[in-house]
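Report on one structure; see the data block that follows.
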Amino acid sequence: MGMLNMDIRQVLHILELTGTFTCTWPINPKDSKKYIIIRNILWTFTILNVIFLTISLMLAIFHFRSNIPKSMKTASEMAALLEVVLDLVLCKWNNSELQVLIEEVKSFLEMASEYEIKILQGYINRYKKFFSTVSMGYILPASSFILMPLFSAQELPAEGWLPFSIEPLGIYCVVYVNHIYCILQTSFCIFVDFTIVILFSFPAAKLDVLRSKLRHVNNYDMLVSCIKEYQKILGFVEDTNATVETLLFKTNVTMGSTVICGAFPLLNNQSLDVVTQFLPLVLSGMLHLFVISWPADDLRESSIQFAESINDIQWLGQSKKMKSCVIFMMIRSQKLFLIRMSSLLPPLSLEYCSNFVTTVSSYFMAMRTMIES
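So for the sequence shown, the working numbering puts the first residue at 549; every next one is plus one.
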């Protein structure tokens, strides 16, 4: 229960620790040169390990292509691992942009009033119980994968295939450690999305604060101050959109593949080890998109409420320039804060999330019918 009582600063600290381990937390250019070199070496080490296991899984899919259940099981593992590869590459590619966004959140926390912190904390409290459950849905199957070779005839945690013998103890230990490291990376990849949640909750909270300020606007200077604050929030949302758009699109592809392929072993093999490994994986994969859809939907709803609150500004009897500013805000606020995933997909929302689950289920049933026939 201690984790569920964390405040926003503690949550950010946990995200930074896990992000540093997974090499997805942005590097601060103000850090020491030695620290930056170590972080870059760790990133290279991590991606090489993940690529090695990915190649092993690709070879296994080809090698066991006549065994459909085993191939689908391996494909599910590879899709989950592909999430790690893309997180590593995309977070590295967008390092500077992510760093700027996160630093803005940190700066806000240092200067914000108690009321502003309370509003932002309200969003974190709203999500954290569910998100803690989802994160356990990733960590528990990871533990099951890692320990399974100790309690079964399975040689290695993942269903990879290598074109050389792993019987020598030294080689076996190296490959086993590689699997463990990659599985841990996979289990913590959800924390990248938790970081994105913070980036969605921050502007939503600031909009709520600004909405409360609008109720007390009674002169031109106060209104201009609110407009400037709104422009800053708008800029943050646009920068966030541009930075995480590809990450969100990636989540659609990898989680859809993980769920579809991971459900096949559950249908074709009801042994306890398979259920322990893949049932939490499939369920967590289906909930993964919900993790980012919920805050995105809250941001959209917050922008709607803000647009409605502009009507409450006391502008009657005020100067002409104040009336012009009110009209400007009314027009601009009609454009909702929507989170894009790509030009191919609709904006991220709870409605889209439900459609995603329905579509993935349909694809799964179609593939199952095709394979069985």
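Every residue, glycine too, gets a C-beta built ideally from N, C-alpha and C. Model, not experiment: these values are computed from the prediction.
Contact set for I781: own chain, Cβ-Cβ below 8 Å, skip 5 residues either direction: Cβ neighbours of I781 beyond the five flanking positions: P751, K754, L755, L758.
Sheet register partners of L896 (DSSP bridge): Paired residues: I887.
Between the CA atoms of W591 and L636 - distance to the nearest angstrom: Cα-Cα distance, rounded: 8 Å.
Proximity winner among A623, K676, P828, relative to I840 (alpha-carbon distances): Selected option, being the one with the closest Cα: K676.
Residues near H611 in its chain [Cβ-Cβ closer than 8 Å; skip 5 each side]: Non-local beta-carbon contacts of H611 in its own chain, meaning distances under 8 Å to residues more than five positions away in sequence, involve W709 in chain order.
For R613, the first and last residue of its enclosing alpha helix (DSSP H): Segment: none, R613 is in no alpha helix (DSSP H) and carries neither H nor E.
Cβ contact check for the segment 738 to 752 and the segment 661 to 673: 3 or more pairs under 8 Å: Yes, since at least three Cβ pairs between the segment 738 to 752 and the segment 661 to 673 fall closer than 8 Å, the two stretches touch.
Residue of T799, R587, E856, P894 minimising C-alpha distance to I879: Comparing Cα positions, the closest option is E856.
Whether T622 touches L601 by CB criterion (9 Å): Not closer than 9 Å, so no.
Burial state of F742, where buried means 16 or more other Cβ atoms lie within 10 Å: When all chains shown are included, F742 counts as buried.
S624 versus Y724 - alpha carbon distance: Spanning the two alpha carbons is a distance of roughly 19 Å.
Option nearest I731 by Cα separation, candidates S713, A706, P716, V722: For the residues S713, A706, P716, V722, the minimum Cα distance to I731 belongs to A706.
Own chain residues within Cβ distance below 7 Å of S850, not counting five before or after: Same-chain partners within the cutoff: A752, L755, D756.
Limits of the alpha helix (DSSP H) - the one that F569 falls within: In this chain, the alpha helix (DSSP H) harbouring F569 covers 556 to 569.
Simplified DSSP state of P705, which is helix, strand or coil: Looking at P705 - three-state DSSP - the assignment turns out to be coil, as it is neither helix nor strand.
Pairwise C-alpha distance: I585 and P577: The alpha-carbon atoms of P577 and I585 are separated by roughly 11 Å.
Cβ contact check for the segment 558 to 575 and the segment 631 to 649: 3 or more pairs under 8 Å: The segment 558 to 575 is in contact with the segment 631 to 649.
Under 9 Å between C-beta atoms of E703 and P711: No Cβ-Cβ contact shorter than 9 Å links E703 with P711.
Environment of K848 [buried if 16+ CB atoms lie within 10 Å]: Just to set this straight, residue 848 is Arg in the shown sequence, not Lys. Classification for R848: buried.
Meets three-Cβ-pair contact criterion under 8 Å: the segment 892 to 900 and the segment 858 to 877: Under the Cβ criterion (8 Å, minimum of three pairs), the segment 892 to 900 does not count as touching the segment 858 to 877.
K869 versus N767 - alpha carbon distance: Each residue's alpha carbon lies about 10 Å from the other.
Neighbourhood of R613 by C-beta distance below 7 Å, restricted to the same chain and skipping five residues each side: When the five nearest sequence neighbours on each side are left out, the beta carbons in the same chain lying within less than 7 Å of the beta carbon of R613 are those of S619, in order along the chain.
Own chain partners of G550 with C-beta closer than 7 Å, once the 5 adjacent residues on each side are dropped: Caution applies to G550, whose pLDDT of 45 falls short of 50 and renders its modelled position unreliable; the model cannot decide the point.
Y994 burial status per 10 Å Cβ neighbour count (16 or more: buried): The structure shown does not extend to residue 994, since the chain is modelled only from 549 through 921, so no value can be given for it.
Buried versus exposed call for F790 [16 or more other C-beta atoms within 10 Å across all chains shown]: A small fix is needed here, since residue 790 is Ala in this sequence, not Phe. A790 is exposed by the Cβ-count criterion.
Close Cβ partners of F736 (< 6 Å) along its chain, the five nearest in sequence each way excluded: When the five nearest sequence neighbours on each side are left out, the beta carbons in the same chain lying within less than 6 Å of the beta carbon of F736 are those of T566, T570, in order along the chain.
Spatial neighbours of C639 in its chain, beta-carbon cut-off 6 Å, leaving aside the 5 residues before and after: Excluding sequence neighbours, C639 sits near T572.
For V830 and V908, the rounded distance between their alpha carbons: Distance between the alpha carbons of V908 and V830: 11 Å.
Buried versus exposed, by CB contacts within 10 Å (16 or more), L695: Counting the other Cβ atoms within 10 Å of the Cβ of L695 gives fewer than 16, which makes it exposed.
Neighbour-count burial assignment, V801, 16 or more Cβ in a 10 Å radius: Looking at its Cβ environment, which holds fewer than 16 other Cβ atoms inside 10 Å, V801 is exposed.
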